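Asks:
The following block contains the structure:
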């Protein structure tokens with residue numbers, strides 16, 4: 003790191019109707035450092051990044067880039083000055099090739115009367131960029147064929163091609179396996195050595211302490227502190243994030259297994275997963291672990307009626323059922339919290355109320371087919387209060403809520419629908435530690451009242467911290483079952499990785 007900051011934010015403030023998103027925040031970023039920005043959902047991280055990248059204009063304060071005042075009015079201006087952002091939801095054009103994505107917006111054209119794209123030159127230059135990054139990907143491949151980590155690498159190659167000197171990474175590992183995270187960290191270290199500044203947004207404390215040089219903590223739009231990583235620790239960072247000390251993210255509760263709720267026998271979708279068999283009992287959390295690509299999500303979607311099995315049986319409380327679609331699964335009191343809440347879990351431009359009551363509407367209509375609006379409002383207010391959803395009101399557009407509060411709304415919709423079996427797919431992905439702790443309390447209360455939870459998670463501490471039993475999948479098959487009280491990270495990795 004150099005002594006002079008490459009980017010300085012001085013007394014940055016930004017307000018929206020009813021919300022002070024940032025309040026006099028000052029941070030320096032140095033050349034060749036990896037600088038973490040942490041805070042609970044709603045702390046101001048997203049607003050800060052949008053100001054740095056030119057999406058928002060601050061209400062007050064000064065941005066200095068390379069010792070010159072910068073006032074970005076649009077993202078293109080920030081890009082031209084060497085500031086790029088890699089979003090959590092990757093911005094890959096899946097129908098284009100790798101090379102076409104790397105040069106998207108920066109296309110090279112042949113000279114002459116008909117300026118066609120010079121694909122061969124773009125492919126050769128793309129290969130050079132990837133080679134310098136130490137990765138091998140066929141630049142002629144269609145991007146839709148790439149894994150999540152390969153798509154992440156292409157996004158990084160894209161910003162390198164733009165000669166970016168500051169790269170903002172928003173939850174870059176949220177869809178990656180442990181092995182893929184190691185590849186990403188190797189690339190980040192290389193970028194750091196080349197003098198590129200990385201602004202790293204993550205809720206994963208382990209990663210922050212492994213890859214970052216400094217960490218800045220935001221809370222309620224205010225700067226709490228900036229520390230060198232070597233001068234702090236995980237507990238101190240979390241305590242500063244939430245304003246209090248927590249002993250554990252996971253309130254491990256002993257659940258008493260009761261009656262059979264859900265039984266699956268030899269469930270198979272050819273080419274996806276085979277011979278999946280297990281039983282979920284009343285009053286337990288059954289975890290499913292495994293590497294990304296082990297087809298855990300497909301199993302949940304099959305049980306919920308999104309995908310149809312080629313063979314196998316599903317039993318609800320001992321009775322064999324056929325679930326052709328999610329409506330039928332809902333009728334059997336099964337709810338699904340999907341992996342990607344923004345794409346498949348929410349109607350982003352609708353209200354909190356519209357999202358929360360969705361599965362219950364058919365049960366609250368009169369003979370004319372009109373929904374009981376009084377019930378809609380009452381039940382939405384009930385769950386806003388019951389599980390502490392932070393929202394200005396039932397009519398607030400859900401897009402404007404933090405990730406943790408959006409996730410609470412999705413969970414509330416199934417609680418309001420009186421679901422007895424919850425299928426949770428990466429339920430705490432992209433939400434902060436305090437929201438996670440609240441989420442786990444809701445899960446424990448649900449199973450203590452007789453519900454059953456089948457939970458997919460790629461976070462080892464989470465699966466070990468909350469599950470009563472753990473199924474481990476690899477390549478579409480269950481490779482073993484572990485008791486939650488004796489399971490270890492090593493045992494899970496061995497089952498997930500080796501024959």
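Numbering (my numbering), first residue to last: 3 to 501. Backbone N, C-alpha and C fix where the C-beta goes; we use that ideal spot for every residue, glycine too. Since this is a predicted model, take the numbers as computed values, not measurements.
For residue 298, which residues in the same chain have their Cβ closer than 6 Å to its Cβ, ignoring the five residues on either side in sequence?
Replies: If we look at residue 298 and ignore the five residues flanking it on each side, its Cβ neighbours are 290, 292, 458, 475.
Asks: Please check the pair residue 1 and residue 26, which I expect to be a contact at CB under 8 Å, by giving their CB distance rounded to whole angstroms.
Replies: For the chain, the structure presents residues 3 to 501; residue 1 sits outside this window and is missing.
Asks: Between residue 278 and residue 269, is the Cβ-Cβ spacing less than 8 Å?
Replies: Yes, these two residues count as a Cβ contact at 8 Å.
Asks: For residue 117, is the classification buried or exposed, using 16 other Cβ atoms within 10 angstroms of its Cβ as the cut-off for buried?
Replies: With fewer than 16 Cβ atoms within 10 Å of its Cβ, residue 117 is classed as exposed.
Asks: Determine which residues share a DSSP beta bridge with residue 385 and list them.
Replies: Residue 385 pairs with nothing; no bridge assigned.
Asks: Identify which residue in 125, 127, 109, 126 has its Cα closest to the Cα of residue 119.
Replies: Per the Cα distances, 109.
Asks: Just to confirm my understanding: we take residue 408, look at its own chain, exclude 5 residues before and 5 after, and list those with CB closer than 7 Å. What are they?
Replies: Within the same chain, residue 408 has close Cβ partners 343, 348, 400.
Asks: Are the stretch 86-105 and the stretch 142-149 touching, with three or more C-beta to C-beta distances below 8 Å?
Replies: Contact between the stretch 86-105 and the stretch 142-149 is present, because at least three Cβ pairs lie under 8 Å.
Asks: Closer than 7 Å: is that where the CB of residue 67 sits relative to any heavy atom of the ligand ADP?
Replies: You won't find the ligand ADP in this model; it holds no ligand whatsoever.
Asks: Report the rounded CA-to-CA distance for residue 95 versus residue 157, giving the unit in angstroms.
Replies: Their Cα atoms are separated by approximately 11 Å.
Asks: By alpha-carbon positions, which one of 87, 167, 41 ends up nearest to residue 8?
Replies: Measuring from the Cα of residue 8, the nearest candidate turns out to be 167.
Asks: Let me know if residue 448 comes out buried or exposed under the rule of 16 or more other beta-carbons within 10 Å of its beta-carbon.
Replies: The residue is buried, with at least 16 neighbouring Cβ atoms inside 10 Å.
Asks: Can you check which of these residues, 425, 466, 421, 390, is closest to residue 436 by C-alpha distance?
Replies: Ranking 425, 466, 421, 390 by Cα distance to residue 436 puts 390 first.
Asks: Hey, residue 81 and residue 46: beta-carbon distance below 8 Å or not?
Replies: Cβ distance not < 8 Å, so residue 81 and residue 46 don't count as in contact.
Asks: Do residue 212 and residue 175 come within 8 Å of each other at the CB atom, strictly closer than that value?
Replies: Cβ atoms of residue 175 and residue 212: not closer than 8 Å.
Asks: Please give the ranges of any alpha helix (DSSP H) in the stretch 4-87, keeping only runs that are unbroken, at least 4 residues long and fully inside the region.
Replies: The stretch 4-87 contains these whole alpha helix (DSSP H) runs: 47-54, 77-82.
Asks: Between residue 423 and residue 276, what straight-line distance do the alpha-carbon atoms span, to the nearest angstrom?
Replies: Taking the straight line from one Cα to the other gives about 23 Å.
Asks: Okay, do the stretch 480-499 and the stretch 313-321 touch, 3+ Cβ pairs below 8 Å being the bar?
Replies: Flag = no, the stretch 480-499 and the stretch 313-321 do not touch.
Asks: What are the boundary residues of the alpha helix (DSSP H) that residue 190 is part of?
Replies: Residues 180-195.
Asks: Is residue 372 helix, strand or coil when you go by DSSP?
Replies: Three-state result, residue 372: coil.
Asks: Distance check for residue 393 and residue 403, CA to CA, integer angstroms please.
Replies: When rounded, the distance between both Cα atoms is 7 Å.
Asks: Along the chain, where does the beta strand (DSSP E) that runs through residue 485 open and close?
Replies: It spans 479-485 - the beta strand (DSSP E) in which residue 485 sits, taken as one unbroken run.
Asks: Residue 234 to residue 228, Cα distance in whole Å?
Replies: Cα to Cα, the separation comes out at about 10 Å.
Asks: Taking 8 Å as the threshold (C-beta atoms), are residue 33 and residue 84 in contact?
Replies: Contact flag unset, no.
Asks: Which of helix, strand or coil does DSSP assign to residue 264?
Replies: In the structure shown, residue 264 sits in a strand (DSSP, three-state: E or B).
Asks: Nearest-angstrom Cα distance between residue 516 and residue 425?
Replies: It is not possible to answer for residue 516, since the shown part of the chain is limited to 3 through 501.
Asks: Do you know whose CA, among 483, 305, 388, lies nearest residue 440's CA?
Replies: Minimum Cα distance to residue 440 is reached at 388.
Asks: Measuring only between beta-carbons, confirm whether residue 398 sits less than 8 Å from chain D.
Replies: No chain D appears in this structure, which consists of one protein chain only.
Asks: Between residue 494 and residue 472, which are expected to be in contact by the criterion C-beta below 8 Å, what is the C-beta distance as a whole number of angstroms?
Replies: The Cβ separation is near 7 Å, so the contact holds.
Asks: Figure out for me which residue from 197, 285, 313 has the closest Cα to the Cα of residue 6.
Replies: It is 197.
Asks: Can you tell me whether residue 442 is buried or exposed? The criterion is at least 16 other CB atoms within 10 Å of its CB, across all chains shown.
Replies: So residue 442 ends up on the buried side.
Asks: Pull up the CB-CB distance for residue 259 and residue 286, whole angstroms please, since I reckon it's below 8 Å.
Replies: 5 Å between Cβ atoms; contact.
Asks: Buried or exposed for residue 372, please, with buried defined as at least 16 other CB atoms from any protein chain shown within 10 angstroms of its CB.
Replies: By the neighbour-count rule (16 or more Cβ atoms within 10 Å), residue 372 is not buried but exposed.
Asks: Going by DSSP, what residues sit across from residue 122 in a beta bridge?
Replies: Note: residue 122 sits in no beta bridge, so no partner.
Asks: Report the CB separation of residue 86 from residue 161 in whole angstroms; it is logged as a contact under 8 Å.
Replies: Rounded, the Cβ-Cβ distance is 4 Å, consistent with contact.
Asks: Helix, strand or coil for residue 415 per DSSP?
Replies: Of the three classes helix, strand and coil, the one that applies to residue 415 here is helix, per DSSP.
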